[in-house]
Every structure is written in structure tokens, then in C-alpha cells.
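Under the UniProt record's numbering, read the sequence shown as residues 1 to 420, first letter to last. Written below as C-alpha cells is the structure these notes are about.
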Amino acid sequence: MADVRVGPASDPERYLNTDLLVWFDEPPVATTEQLLAGFGENSMFGAEVDGADERTYAGVYGVYPLELTVPGPLGTLRQVPVAGLTWVGVHPDERRRGVLTAMLRDHFSRVGDGDWSGLSVLKASEPAIYGRHGYGVASWECTLRLSRGARLTAPGLEDAASALRTRLTDAADPGVPARMREVSLRVGADRLGAVVREERLYTRFTVDSPASVREREVQRVLLAQQDGTDVGFAWFRRKLDWENGSAAGEVGVIELVGTPAAELALLRRLVDLDLTTSVTIRWRSVDDPIAAWAGGPRGIQDATSDSLWVRLVDLPTALGARGYAAQCDVVLEVEDAACPANHGRWRLVVDEQGRGTANRTDATPDVRLTTQTLASAYLGARSLVAQQQAGLLTEVTDGSVAALDTAMRAAQAPVAAVGF
């Protein structure tokens with residue numbers, strides 16, 4: 001293995017060159033400063049190895065500050081700060097030399113030392129990689145496709161939806177990214193698993209490039225308001241097409257965020273846009289209300305895939321950052337080779353208010369599991385009982401897995417995480 005040194009990426013050009021080499025997308029026309037505008041101070045990192053190409057790093061990664069909605073005490077929800085791992089890439093010449101492992105260990109060390117609730121999260125481009133480093137799939141997502149004029153029925157929301165005002169604007173208009181963040185933050189507080197970015201990242205993502213607008217329009221935002229207050233937005237772009245002389249345009253929804261009534265009102269406008277025949281909405285939950293409004297998932301829902309991956313970097317801090325649905329007192333024996341401070345036995349005690357604390361113990365374990373299995377259950381969606389039946393964890397004390405599962409489970413399924 002190579003001698004890999006990881007630290008802050010002091011050369012933005014090298015950082016960007018590495019990313020472009022790894023992801024081999026169309027060369028950008030924007031400046032380096034514009035392309036990296038979503039990053040804050042000390043949020044880009046590079047790996048160095050002797051003898052590597054001086055125009056690039058051996059590997060790069062970045063961190064976006066995010067807010068994640070996690071279970072709160074006794075069925076409530078809370079938003080906590082987490083580190084969003086992104087822009088991860090290894091130079092093709094330096095693969096299989098320990099570069100990724102070194103970068104992740106550097107990342108884990110920084111997360112453990114920072115105010116991140118002990119948590120790192122990511123959207124995985126290569127799912128097989130991150131499970132080996134202790135990340136677990138904590139939520140799922142799919143893409144939904146509606147036809148022009150689709151009928152959306154929700155009797156309980158009719159009055160609220162009809163009272164909303166919707167207006168179209170450009171995504172890059174001044175103040176629009178800030179309004180999108182505010183809606184996301186407010187609505188996300190009631191959506192388990194919701195991810196909210198910093199304003200600078202909404203601003204960066206709404207900037208178009210020649211590649212992003214090729215044969216498509218600029219990004220638009222349809223805002224929904226109630227009594228002058230933003231309660232939802234549909235962030236989208238259209239692509240005009242023709243079939244046999246008839247318009248067959250496509251509406252690609254980048255994000256749809258809002259109260260249930262706002263999402264219904266916004267969708268009804270999207271499926272009624274002129275010169276279009278279809279609406280595609282990505283990053284939606286597998287039990288999304290849109291499917292119910294449209295009469296069921298058959299014919300509109302694509303295959304399910306992994307959404308948010310969670311990593312408990314500082315186990316006691318992470319387990320204390322979320323709340324629990326029931327009391328429990330369970331000793332966990334956790335396997336975690338990448339974060340040795342997590343490895344070993346922990347006693348998780350949840351009091352009658354749904355507050356949990358995890359402390360080191362020498363007591364006999366009740367449950368043996370990997371940090372990946374524990375992470376997959378962090379948002380309350382993955383049944384630990386089912387994972388026990390699948391042989392993914394071991395119960396030592398009868399009933400302990402069921403008790404832990406009851407404490408960690410949430411009443412609602414996590415929503416799909418937006419991209420970052």
C-alpha cells in the first residue's frame with residue numbers, strides 16, 4: 001500500500017482536475033471558483049502520494065454541512081447537523097493503493113472532532129464500496145412518472161390545496177435559492193430522513209451550464225404560497241420534443257418539496273403544462289403519497305434503490321442525538337474496524353422520556369452486530385428483527401433484539417434524501 005497523506009486541498013485547480021478526471025463529464029466552461037462555490041471554508045480535502053501526477057491529487061473528497069431529520073423522543077422528530085460526504089474520487093492511476101481508505105479515515109477523524117452529531121451521510125454512486133466502511137442504507141428512493149393530465153385525488157386535501165397560490169419563476173432569480181432552503185427546512189422538520197442543504201449549495205445547484213441546458217430550458221421554480229408565505233416549491237426544467245408533428249415535451253422535476261397540500265397543488269400545475277406529455281419526479285419515497293393520489297404505484301413507480309447512507313462515526317454521540325420510541329436497556333457488542341473508538345461493548349439505556357445514552361461497559365452483550373447494521377436502523381426504517389432473521393446480527397439474550405427494534409423504530413418511513 002502507498003504512503004497516503006490526506007489534508008485540506010489548498011489548490012482548487014488540482015482539486016477540480018481530479019474530480020473531472022474521475023467523473024469524466026463534459027468539460028465545464030464555468031470558472032473553478034464558480035464550480036466550487038458550494039463548498040465552505042475547509043471543506044475540500046485531497047490525498048497525496050509520492051510520484052503522483054502533480055496536476056491532480058491522488059484522491060479528493062468534500063463535505064457539505066447538512067441538516068438531517070431523525071427520530072426524536074416518543075414519536076417526535078428533530079433536525080440535527082450532519083456531515084454530507086461528497087465529491088469522493090480516486091485518481092485512476094492510484095486505485096487499490098489505500099487512497100480511499102485513508103481519505104475516509106481522515107473524514108471520520110474530522111467528523112468525530114466536529115459538531116456533526118457523530119454522523120456522516122452520503123448518496124452512494126458505488127454502493128458496494130461504502131458498506132465495507134461502515135455505512136448502512138437508512139432510506140430508500142424511487143422515481144415516479146406521471147402522464148399529462150394525470151388525475152390526482154386526495155379528498156382530505158382539496159380545500160387546503162385550492163386555497164394556495166402558485167407562481168412560476170427562474171431558479172437562479174435573486175432570493176429564490178434562499179426561499180427554497182427555508183421551505184425545505186420548515187417542511188423537513190416534519191419529514192423523517194429529510195436532508196436540507198446550506199443556502200450556498202442551493203445557489204450553486206441552480207446555476208446552469210451549456211451541458212445542463214442542451215436541448216432543455218433553464219431551471220424553473222414553481223412556488224406555492226399560503227397567505228403570502230412559501231409552503232412548497234417544484235424545482236424543474238422542461239425538454240421540448242415532437243412525435244409525428246405533435247408536441248411531446250417532458251417535465252423533469254429536480255425536487256418537489258412542500259406540505260402535502262402544496263405538493264398536490266404544484267403537481268396539478270406540472271401535469272397541466274402546455275406542450276408536454278409526461279412528468280418525472282425523482283427522489284421520492286417508496287410509499288410516496290403521489291402514488292396514492294394517482295391511484296397506486298403500478299405503472300408510475302420505477303425500481304426502488306438505496307437513498308441515504310448513514311455512518312455512526314462517534315457512536316455514543318450519534319445514539320444520543322436521536323430519540324427513541326420506548327424504554328430499553330441493552331448491551332451492544334459493536335464491530336467497527338474503521339472507527340476503533342466505536343468497537344466493543346456499549347450499554348444503551350433509554351429512559352421513559354425517550355432519551356438515550358450509550359456508555360462503555362464490560363457487561364455481557366445482549367446483541368452482537370456491525371456498525372453498518374446499526375447505521376441501517378438509525379432512521380427507524382430497517383427492522384432489526386428482520387435483520388436478525390436474515391443472519392445480519394446475533395441475539396445473545398432472548399428478546400433483546402425486539403426490545404432494541406421497538407425503541408429505534410419510527411412511526412413513519414423516511415423520505416428519500418435529495419442529492420448533494
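Glycine is no exception: its CB is placed at the ideal position from the N, C-alpha and C atoms. This structure is a prediction, so every number in the text was calculated from the model and none was measured.
Coil, strand or helix - residue i by DSSP
i	result
Ser120	strand
Thr370	strand
Gly114	coil
Gly40	coil
Leu404	helix
Val49	coil
Tyr202	helix
Tyr130	helix
Ala265	helix
Gln388	helix
Gly84	strand
Glu94	helix
Thr6	Residue identity differs from the one stated: residue 6 is Val in this sequence, not Thr. The answer is strand: DSSP assigns Val6 an E or B state.
Gln412	coil
Val257	strand
Asp306	strand
Gly344	strand
Val183	helix
Phe24	coil
Gly156	helix
Val60	strand
Gly295	coil
Thr397	coil
Short Cβ contact (8 Å threshold) for residue i with residue j
i	j	result
Val350	Arg368	no
Gly84	Val49	no
Gly134	Thr371	yes
Pro414	Leu119	no
Cys60	Leu68	The sequence given here places Val at residue 60; Cys does not occur at that position. No, Cβ-Cβ distance for Val60 and Leu68 is not below 8 Å.
Ser307	Trp140	yes
Val6	Ala47	yes
Leu264	Phe236	no
Gly75	Ala411	yes
Anticipated Cβ contact below 8 Å, residue i with residue j, distance rounded
i	j	result
Leu157	Ala261	5 Å
Gly232	Val183	6 Å
Glu250	Ser278	5 Å
Thr169	Val221	5 Å
Phe420	Leu201	7 Å
Phe45	Pro8	6 Å
Ala211	Leu266	Rounded, the Cβ-Cβ distance is 27 Å, inconsistent with contact.
Cys328	Ala403	5 Å
Ala291	Ile300	6 Å
Nearest to residue i (by Cα), restricted to the options the options
i	options	result
Arg145	Ser383, Thr276, Met408	Thr276
Glu255	Ala247, Gly46, Trp242, Ala234	Ala234
residue 432	Leu152, Gly188, Ala172, Met44	There is simply no residue 432 to check, as the chain begins at 1 and stops at 420 in what is shown.
Trp346	Ala363, Ala337, Ala338, Leu392	Ala363
Ala102	Arg355, Asp113, Val90	Val90
Ala37	Thr394, Glu198, Gln225, Thr259	Glu198
Gly295	Ala150, Asp11, Thr76	Ala150
Glu333	Phe45, Arg360, Pro289	Arg360
Val82	Glu352, Ala318, Gln372	Ala318
Ala326	Gly40, Thr357, Asp208, Met408	Met408
Gln226	Gly320, Gly258, Arg284, Asp302	Gly258
Thr373	Pro414, Val310, Val330, Gly354	Val310
Thr143	Cys328, Arg355, Trp283	Trp283
Ala128	Ser305, Gly344, Gln389	Ser305
Gly98	Ser109, Leu392, Ala58, Thr76	Ala58
Ala123	Val195, Thr280, Glu13, Arg238	The identity of residue 123 in the sequence shown is Lys, whereas the question assumes Ala. Taking only the C-alpha atoms, the option nearest Lys123 is Val195.
Glu335	Leu393, Gln389, Ala358	Leu393
Cross-strand partners of residue i (DSSP beta bridge)
i	result
Gln225	Arg165, Asp230
Asp170	Arg220
Ser278	Ser147, Glu250
Thr357	Val349
Arg284	Cys142
Leu68	Val80, Val195
Cys328	Val350
Glu243	Ser246
Leu312	Leu119
Glu333	Arg345, Arg368
8 Å Cβ cutoff, residue i in contact with chain B
i	result
Gln219	Absent here is chain B; the protein component of the structure consists of one chain.
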